[in-house]
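Visitor:
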Ligand code: ADP
Ligand code: MG
Ligand code: MG
Ligand code: MG
Ligand code: MG
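Numbering (UniProt numbering), first residue to last: 1 to 731.
1) For residue 508, is the classification buried or exposed, using 16 other Cβ atoms within 10 angstroms of its Cβ as the cut-off for buried?
2) I'd like to confirm something about residue 50: is its beta-carbon nearer than 7 Å to some heavy atom of ligand 2, or not?
3) I'd like the span of the alpha helix (DSSP H) that includes residue 290, first residue to last.
4) Alpha carbon to alpha carbon, what distance is there between residue 70 and residue 523?
5) By Cβ distance, which residues of its chain are closer than 6 Å to residue 654, with the 5 residues on each side in sequence left out?
6) Taking the alpha-carbon positions, what's the residue 568 to residue 75 distance?
7) What did DSSP end up calling residue 558 once you bin it into helix, strand or coil?
8) Could you work out which residue in 57, 668, 269 and 660 is closest to residue 137 when comparing CA atoms only?
9) Drop a sphere of 10 angstroms on the beta-carbon of residue 20, count the other beta-carbons inside from all chains shown, and report buried for 16 or more, exposed for fewer.
10) Quick check: what's the CA-CA separation for residue 395 versus residue 167?
11) Can you tell which of 25, 41, 8 and 13 has its C-alpha closest to the C-alpha of residue 413?
12) Contact between the region 152-168 and the region 72-91: three or more CB pairs below 8 Å?
13) Is it buried or exposed, residue 443, if we count other Cβ atoms within 10 angstroms and call 16 or more buried?
14) DSSP three-state label for residue 106, please.
15) Residues bridged to residue 92 by DSSP?
16) Give the straight-line distance between the Cα atoms of residue 387 and residue 681, rounded to the nearest whole angstrom.
17) If we require 4 or more residues per run, which alpha helix (DSSP H) segments fall completely within the region 642-702?
18) Give every residue of the same chain whose Cβ lies closer than 8 Å to the Cβ of residue 543, excluding the five residues on either side of it in the sequence, and list them in chain order.
19) Check whether the Cβ of residue 249 lies closer than 7 Å to any heavy atom of ligand 5, and answer yes or no.
20) Tell me whether residue 14 sits in a helix, a strand or coil according to DSSP, three-state version.
21) When you compare the CB positions of residue 370 and residue 318, do they come within less than 8 Å of one another, or not?
22) State buried or exposed for residue 742, treating a residue as buried only when at least 16 other CB atoms are found within 10 Å of its CB.
23) Counting C-beta neighbours from all protein chains within 10 Å, is the total for residue 480 16 or more, i.e. buried, or is it exposed?
24) Quick check on residue 578: does DSSP put it in helix, strand or coil?
25) Can you find the residues in the same chain that come closer than 6 Å, C-beta to C-beta, to residue 12, ignoring five residues on each side of it along the sequence?
26) Are residue 45 and residue 248 closer than 8 Å when you measure CB to CB?
27) For the beta strand (DSSP E) containing residue 481, name the first residue and the last one.
28) Assuming residue 621 is part of the alpha helix (DSSP H), what are its boundary residues?
29) Could you pull the start and end residues of the alpha helix (DSSP H) that residue 362 belongs to?
30) Please look up how many angstroms separate the CB atoms of residue 294 and residue 242, rounded, as I've assumed it's under 8 Å.
31) Would DSSP call residue 381 helix, strand or coil?
32) Quick one: give me the first and last residue of the beta strand (DSSP E) that residue 206 is part of.
33) Using DSSP's beta-bridge definition, name the partner residues of residue 418.
34) For the beta strand (DSSP E) containing residue 48, list its first residue and its last residue.
35) Is residue 407 a contact residue of ligand 1, with contact defined as CB to any heavy atom under 7 Å?
36) Please confirm whether any heavy atom of ligand 5 lies closer than 7 Å to the CB of residue 419.
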């Protein structure tokens, strides 16, 4: 991966000719890897974030901000440290699409200890400082989702001009020059060219302009007949955006499938909460999020596949871009909510089934494999399907969906993982850390309380569109699953039982491993949760892991090591193996009422008799955990922030940016974000991320980052953490 694996990309014609070769071997590789790894058990919770950043260059005399095309140079320096000490570095840096972008992750994943929540923000801050040290005084690394004037005149430094007529240009964009595509790895330009060629024309991204009283129509560059559309014509407009992603390791494949499903309906919800990108190509738009932009930016479907002309050369009509929300659930409980017809090649599906893959997973993989490869390197064409997985990964990694189901890589100690991909990048490390810790906690609550968020895919799709509307976080309503009668009882009993069990069985270890055993089994036994719960849970508590506060007096030794056998009698979560209804608590009569339209506030903070709220559920879970004071304090800050943003007391980044523009003295009520407005907005963002400027509407009055200094983590805890392999030491 990354800068090290240089290769020679094939031409589009060569790549296209090998589409079936990649598909065939990719499927073989998946079948083989599945059988090697399907029984893998006992992996502990590990998780880590990815934050993408934009390098901005300020011209303080002219009051202009531009993206600085410095990523390659920065990465060479950042990766030197990793090369010298691959295991010891506190951060890892990877290229991203833009020549002005970099992606940073922690050096190692975080692990299953509550105390790890203290490290996330500090690590993010470390990453920012590490890059900042390499920058000139007038440059700044920013975790903004989109550069507001991306694609507007002279938005890069050094200046570069688009060459739409140049046959050698990858993007041939009117606005986005090839120089703004990361030059250090051929993948990015190759993808750009091949997606355009496969589609048969440039990509077309349409955003409604935010109509203000003096907005000039047609907007510059608007398509004929659509005067209020801001048109973007290159992959860079989407893939050149930044996001915040999270990956979790599950204890086994069953837990991974379950987490994938349970998190999928939360994707639009988290997208709305993290909305941070209302400005494109220098215009305020009606959208608050990057999602549809990035989706359209890599939409390689032909006219036939998009349904504009009758099918002739292509096999299928395809409903969505290869970058979009997921189309099917993977767990038996999810099966009945797969209400959107899945497109796939019967023969591919049948090969998977004949290869021993169950229906739900087979249709998932077959559906991913309706896509052709859009990037192929000559040295990767011929592979050993028993060992290699590159052809599978080729298609898997260019299906950019809200969730990704990640099989263990070959020859590694890594287990089955799921990736949560909808969130927009936030301005401050505090916000990004809050989002990350919140989602990690949510996964623990889902597993411990056996929560069920499953919502028909069609409604999740609808929510994805709702989430992107202007100020959706405060104004819109989302389909959400009403808690079944037993959810709250289940949670209460789970808590009591977990406390009792933890006390009896696990010496009060405050680990975060969830309940693999409690998952409805895939093997058709219909095992109740009780029965196989306990044994599994103990297995996947890492033997080497140091418990945070082993039976300390402070919290009475309540821990939560094993959260498996928490349902009262197993009837709540019968697995059924054959993919039919597995949730006996909800009868079909209730099914219609099960899904209600709730506001973000109601989803996060609760609505009486409908849903207890995500934040209260997490608080309830935490009460059953042994949490030291510092960790508790860290988590509380984050929960309070999430709670307030969801309640509308704090505004989203997108809403805040709009206000900054609308209230700027230079703003002419014409939707245009001028060079000067852009400059001032980014300067203010710089002040916020450096903690020099307090913005109460975004972060509240009282917020001060505490993670600046080592002292934030108490010395005793530092020792524990240093011993633990799964986390990074503080600076
Ligand atoms: P990708 O770009 O393919 O999504 P990255 O390698 O950039 O993946 O980032 C994946 C994230 O997963 C990082 O935060 C990393 O720390 C984390 N991670 C690494 N190993 C594991 C693991 N075994 N389980 C869970 N997360 C992991
Ligand atoms: Mg990555
Ligand atoms: Mg990426
Ligand atoms: Mg990335
Ligand atoms: Mg990722």
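Even for Gly, the Cβ is constructed at its ideal location relative to N, Cα and C.
Guide: Reading off the structure:
1) Summary for residue 508: the model assigns pLDDT 41, below 50, so the residue's position carries little reliability, and this model does not support an answer.
2) yes
3) First-last for residue 290: undefined, no H or E at that position.
4) Bear in mind that the predicted position of residue 523 carries a pLDDT of just 29, short of 50, making it too unreliable to give a figure here.
5) 275, 276, 278 and 288
6) At residue 568, the pLDDT of 25 sits below 50, so the modelled position is not reliable and the matter cannot be decided from this model.
7) Caution is warranted here: a pLDDT of 27 is assigned to residue 558, below 50, making its placement in the model unreliable, and no coordinate value can be reported.
8) 57
9) exposed
10) 27 Å
11) 41
12) no
13) buried
14) strand
15) 105
16) 50 Å
17) 653-662, 675-689 and 696-699
18) Here residue 543 scores only 30 on pLDDT, less than 50, and its place in the model should not be relied on; the value that follows carries that caveat. Within the same chain, residue 543 has no close Cβ partners at all.
19) no
20) helix
21) yes
22) Here the chain has residues from 1 to 731 only, and residue 742 is not among them.
23) buried
24) Residue confidence is low: residue 578 scores 33 on pLDDT, short of 50, so the model does not pin down where it sits. No coordinate-derived value is stated.
25) 194 and 197
26) yes
27) 477-481
28) 614-623
29) 359-368
30) No, residue 294 and residue 242 are not in contact; Cβ-Cβ is about 10 Å, not under 8 Å.
31) coil
32) 205-208
33) 248 and 405
34) 47-59
35) no
36) yes
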